[in-house]
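Enquirer: Numbering (the working numbering), first residue to last: 17 to 182. Ideal Cβ placement from N, Cα and C applies to all residues, glycine included.
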Amino acid sequence: MAQKLPPLRFVRSVLKSFMAESGLEPRLLGPHLRVTNAVAGKVDFELDITKDHTNRLKILHGGTIASMVDLGGSLAVASMGLYATGVSTDLNVTYLSGGGKVGDKISATAVCDKMGKTLAYTSITFRNAQGELAARGSHTKYVTQAWKAQETPFTPPDGAEIEEDK
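1. Identify, in the order they occur along the chain, each residue of the same chain with its Cβ nearer than 6 Å to the Cβ of residue 141, setting aside the five sequence neighbours on each side.
2. Starting from residue 32 and walking both ways along the beta strand (DSSP E), at which residues does that stretch end?
3. Quick one: Cα of residue 61 to Cα of residue 74, how far?
4. Would you give the residue range spanned by the beta strand (DSSP E) that residue 157 belongs to?
5. Going by CA-CA distance only, name the one from 109, 32, 163, 123 that's closest to residue 86.
6. If contacts are defined as beta-carbon pairs under 8 Å, then residue 101 and residue 27 qualify, I think. What distance do you get, rounded to the angstrom?
7. Please give the ranges of any alpha helix (DSSP H) in the region 70–105, keeping only runs that are unbroken, at least 4 residues long and fully inside the region.
8. Relative to the C-alpha of residue 134, which candidate in 114, 146, 93, 117 has its C-alpha closest?
9. According to DSSP, simplified to helix, strand and coil, what is residue 129?
10. If I measure Cβ to Cβ from residue 88 and keep anything under 6 Å in the same chain, skipping five residues before and after, which residues do I get?
11. Using the beta-carbon count (16 or more within 10 Å), is residue 33 buried or exposed?
12. Which residue comes first and which comes last in the beta strand (DSSP E) that contains residue 62?
13. Should residue 90 go down as buried or exposed, given a rule of 16 or more other Cβ atoms within 10 Å for buried?
14. Report yes if the CB atom of residue 56 is closer than 8 Å to the CB atom of residue 173, and no otherwise.
15. Go ahead and pull the three-state DSSP assignment for residue 54.
16. Please name the residue or residues paired with residue 124 in a DSSP beta bridge.
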(Lines of atoms letter the chains of each structure in order from A and count residues from 1; the text may use other names and numbers.)
(Lines give C-alpha, C1' and ligand atoms only; values in the text may rest on other atoms or scores of the structure.)
Protein backbone atom coordinates (compact mmCIF):
# COMPACT_ATOMS: atom_id res chain seq x y z
CA MET A 1 0.00 0.00 0.00
CA ALA A 2 1.27 3.45 -0.90
CA GLN A 3 2.03 5.97 1.80
CA LYS A 4 0.04 9.10 2.58
CA LEU A 5 2.00 12.17 1.48
CA PRO A 6 1.94 15.81 2.61
CA PRO A 7 0.13 18.09 0.11
CA LEU A 8 3.28 19.57 -1.50
CA ARG A 9 4.87 16.19 -2.19
CA PHE A 10 1.53 14.73 -3.32
CA VAL A 11 0.85 17.60 -5.78
CA ARG A 12 4.41 17.37 -7.13
CA SER A 13 3.85 13.63 -7.67
CA VAL A 14 0.64 14.38 -9.59
CA LEU A 15 2.54 16.92 -11.72
CA LYS A 16 5.22 14.29 -12.35
CA SER A 17 2.46 11.96 -13.61
CA PHE A 18 1.15 14.69 -15.95
CA MET A 19 4.67 15.18 -17.33
CA ALA A 20 5.15 11.43 -17.84
CA GLU A 21 1.72 10.46 -19.19
CA SER A 22 0.18 13.50 -20.93
CA GLY A 23 0.83 14.61 -24.47
CA LEU A 24 0.51 18.38 -24.00
CA GLU A 25 2.04 19.42 -20.68
CA PRO A 26 5.51 17.91 -21.14
CA ARG A 27 5.83 19.39 -24.62
CA LEU A 28 4.47 22.84 -23.84
CA LEU A 29 5.56 23.38 -20.24
CA GLY A 30 8.08 20.63 -19.54
CA PRO A 31 10.87 21.38 -17.08
CA HIS A 32 10.09 25.11 -17.17
CA LEU A 33 7.08 24.74 -14.85
CA ARG A 34 7.45 23.95 -11.17
CA VAL A 35 5.23 23.79 -8.10
CA THR A 36 6.69 26.05 -5.44
CA ASN A 37 4.17 25.44 -2.65
CA ALA A 38 1.03 23.44 -1.95
CA VAL A 39 -1.31 23.19 0.99
CA ALA A 40 -4.79 21.70 1.10
CA GLY A 41 -6.84 23.68 -1.42
CA LYS A 42 -4.06 25.93 -2.78
CA VAL A 43 -1.08 25.47 -5.11
CA ASP A 44 1.56 28.01 -6.14
CA PHE A 45 3.50 27.37 -9.34
CA GLU A 46 5.64 29.28 -11.81
CA LEU A 47 6.81 29.10 -15.40
CA ASP A 48 10.08 30.30 -16.86
CA ILE A 49 8.97 31.76 -20.20
CA THR A 50 10.82 30.43 -23.25
CA LYS A 51 10.28 31.03 -26.98
CA ASP A 52 7.98 27.97 -27.08
CA HIS A 53 5.55 29.83 -24.79
CA THR A 54 5.28 32.99 -26.89
CA ASN A 55 3.28 34.29 -29.84
CA ARG A 56 4.56 36.10 -32.94
CA LEU A 57 4.73 39.34 -30.93
CA LYS A 58 7.33 37.61 -28.74
CA ILE A 59 5.16 37.81 -25.61
CA LEU A 60 3.52 35.04 -23.58
CA HIS A 61 0.87 33.35 -25.72
CA GLY A 62 -2.69 33.29 -24.39
CA GLY A 63 -2.84 29.59 -25.20
CA THR A 64 0.05 28.96 -22.81
CA ILE A 65 -1.90 30.70 -20.05
CA ALA A 66 -5.06 28.75 -20.96
CA SER A 67 -3.09 25.50 -20.71
CA MET A 68 -1.80 26.59 -17.30
CA VAL A 69 -5.40 27.32 -16.19
CA ASP A 70 -6.23 23.74 -17.16
CA LEU A 71 -3.22 22.26 -15.39
CA GLY A 72 -3.54 24.63 -12.42
CA GLY A 73 -7.16 23.60 -11.87
CA SER A 74 -6.09 19.96 -11.89
CA LEU A 75 -3.30 20.66 -9.39
CA ALA A 76 -5.76 22.52 -7.13
CA VAL A 77 -7.96 19.40 -7.16
CA ALA A 78 -4.88 17.30 -6.38
CA SER A 79 -4.18 19.56 -3.40
CA MET A 80 -7.45 18.27 -1.96
CA GLY A 81 -6.06 14.72 -1.98
CA LEU A 82 -7.18 13.33 -5.36
CA TYR A 83 -4.52 11.73 -7.58
CA ALA A 84 -6.92 11.35 -10.51
CA THR A 85 -8.09 14.93 -10.98
CA GLY A 86 -11.23 14.45 -13.05
CA VAL A 87 -12.12 15.85 -16.45
CA SER A 88 -12.83 19.41 -17.54
CA THR A 89 -16.40 20.63 -17.88
CA ASP A 90 -15.67 24.36 -18.18
CA LEU A 91 -12.61 26.55 -18.56
CA ASN A 92 -12.44 30.33 -18.72
CA VAL A 93 -9.56 32.79 -19.04
CA THR A 94 -9.50 36.59 -18.76
CA TYR A 95 -6.34 38.39 -19.88
CA LEU A 96 -5.62 41.61 -17.99
CA SER A 97 -1.96 42.58 -18.57
CA GLY A 98 1.00 41.23 -20.48
CA GLY A 99 2.25 37.94 -19.06
CA GLY A 100 5.87 38.48 -20.00
CA LYS A 101 8.53 37.77 -22.57
CA VAL A 102 11.31 35.23 -23.01
CA GLY A 103 13.43 35.15 -19.87
CA ASP A 104 10.63 36.36 -17.58
CA LYS A 105 8.85 34.25 -14.99
CA ILE A 106 5.07 34.16 -14.57
CA SER A 107 3.74 33.09 -11.17
CA ALA A 108 0.37 31.49 -10.51
CA THR A 109 -1.83 30.53 -7.60
CA ALA A 110 -4.51 27.88 -8.08
CA VAL A 111 -7.26 27.51 -5.49
CA CYS A 112 -9.89 24.81 -5.12
CA ASP A 113 -12.86 27.04 -4.29
CA LYS A 114 -15.33 24.19 -3.76
CA MET A 115 -15.02 20.43 -3.91
CA GLY A 116 -18.15 18.34 -4.17
CA LYS A 117 -18.88 14.71 -4.93
CA THR A 118 -19.54 15.56 -8.58
CA LEU A 119 -17.82 18.85 -9.43
CA ALA A 120 -14.76 20.78 -8.28
CA TYR A 121 -14.53 24.53 -8.88
CA THR A 122 -11.10 26.12 -9.14
CA SER A 123 -9.72 29.60 -9.77
CA ILE A 124 -6.24 30.54 -10.92
CA THR A 125 -4.51 33.94 -10.88
CA PHE A 126 -1.33 34.83 -12.75
CA ARG A 127 1.16 37.58 -11.93
CA ASN A 128 3.85 38.80 -14.30
CA ALA A 129 7.44 39.63 -13.33
CA GLN A 130 6.33 43.16 -12.30
CA GLY A 131 3.78 41.68 -9.89
CA GLU A 132 0.81 42.84 -11.99
CA LEU A 133 -2.27 40.67 -12.31
CA ALA A 134 -1.74 39.32 -15.83
CA ALA A 135 -4.64 36.90 -16.11
CA ARG A 136 -7.22 35.00 -14.12
CA GLY A 137 -9.01 31.82 -14.94
CA SER A 138 -11.53 29.35 -13.69
CA HIS A 139 -11.68 25.62 -14.29
CA THR A 140 -14.54 23.30 -13.37
CA LYS A 141 -13.82 19.57 -13.16
CA TYR A 142 -16.08 16.51 -13.05
CA VAL A 143 -14.61 14.46 -10.18
CA THR A 144 -17.08 11.62 -9.50
CA GLN A 145 -14.81 8.95 -11.02
CA ALA A 146 -11.75 10.48 -9.36
CA TRP A 147 -13.42 10.09 -5.95
CA LYS A 148 -14.22 6.45 -6.73
CA ALA A 149 -10.58 5.79 -7.62
CA GLN A 150 -9.19 7.38 -4.43
CA GLU A 151 -9.27 5.06 -1.43
CA THR A 152 -7.40 7.39 0.93
CA PRO A 153 -6.78 11.12 0.28
CA PHE A 154 -3.16 12.13 -0.47
CA THR A 155 -2.20 8.51 -1.19
CA PRO A 156 -0.89 7.86 -4.71
CA PRO A 157 -1.99 4.65 -6.40
CA ASP A 158 0.31 1.64 -6.26
CA GLY A 159 3.03 1.94 -8.87
CA ALA A 160 2.85 5.75 -9.10
CA GLU A 161 6.16 7.54 -9.32
CA ILE A 162 6.55 9.61 -6.14
CA GLU A 163 8.31 12.98 -6.21
CA GLU A 164 11.47 13.02 -4.12
CA ASP A 165 11.14 14.73 -0.75
CA LYS A 166 12.82 18.13 -1.17
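Expert: This is what the structure holds:
1. The residue given as residue 141 occupies position 125 in the sequence shown. Sequence-distant Cβ neighbours of residue 141 in its own chain, meaning closer than 6 Å and more than five residues away, are 125, 152.
2. As a first step, residue 32 must be located in the sequence shown, where it is residue number 16. Per DSSP, residue 32 belongs to no beta strand (DSSP E); it is in the alpha helix (DSSP H), 23–37.
3. Counted from its first residue, the sequence shown places residue 61 at position 45. Counted from its first residue, the sequence shown places residue 74 at position 58. Using only the alpha carbons, I get a separation of about 22 Å.
4. The residue given as residue 157 occupies position 141 in the sequence shown. From DSSP, the beta strand (DSSP E) with residue 157 extends over 149–158.
5. Position 70 of the sequence shown holds residue 86. Closest option to residue 86, Cα to Cα, is 109.
6. The sequence position of residue 101 within the sequence shown is 85, counting from 1. The sequence position of residue 27 within the sequence shown is 11, counting from 1. Not confirmed; about 10 Å, so no contact.
7. As summarised for the region 70–105, the continuous alpha helix (DSSP H) elements at least 4 residues long and confined to that stretch are 78–94, given in chain order.
8. By one-based count along the sequence shown, residue 134 stands at place 118. Of 114, 146, 93, 117, the smallest CA-CA separation from residue 134 is found for 93.
9. Taking the sequence shown and counting its residues from 1, the one referred to as residue 129 is at position 113. In this structure, residue 129 counts as strand in the three-state DSSP scheme.
10. Mapped onto the sequence shown, residue 88 falls at position 72. Cβ within range, chain order: 124, 126, 140.
11. As a position in the sequence shown, residue 33 is number 17, starting the count at 1. Residue 33 should be labelled buried.
12. Taking the sequence shown and counting its residues from 1, one reaches residue 62 at position 46. Per DSSP, residue 62 is one residue of the beta strand (DSSP E) stretching across 58–64.
13. Counting from 1 along the sequence shown, the entry for residue 90 is found at position 74. Burial check for residue 90: the Cβ neighbour count within 10 Å reaches 16 or more, so the residue is buried.
14. Residue mapping note: residue 56 aligns to position 40 of the sequence shown, counting from 1. Residue mapping note: residue 173 aligns to position 157 of the sequence shown, counting from 1. The answer is no: Cβ separation not under 8 Å.
15. In the sequence shown, residue 54 corresponds to position 38, counting from 1. Three-state DSSP puts residue 54 in a strand.
16. As a first step, residue 124 is located in the sequence shown; it is residue number 108 there, counting from the start. Residue 124 has 61, 142 as its beta-bridge partners, per DSSP.
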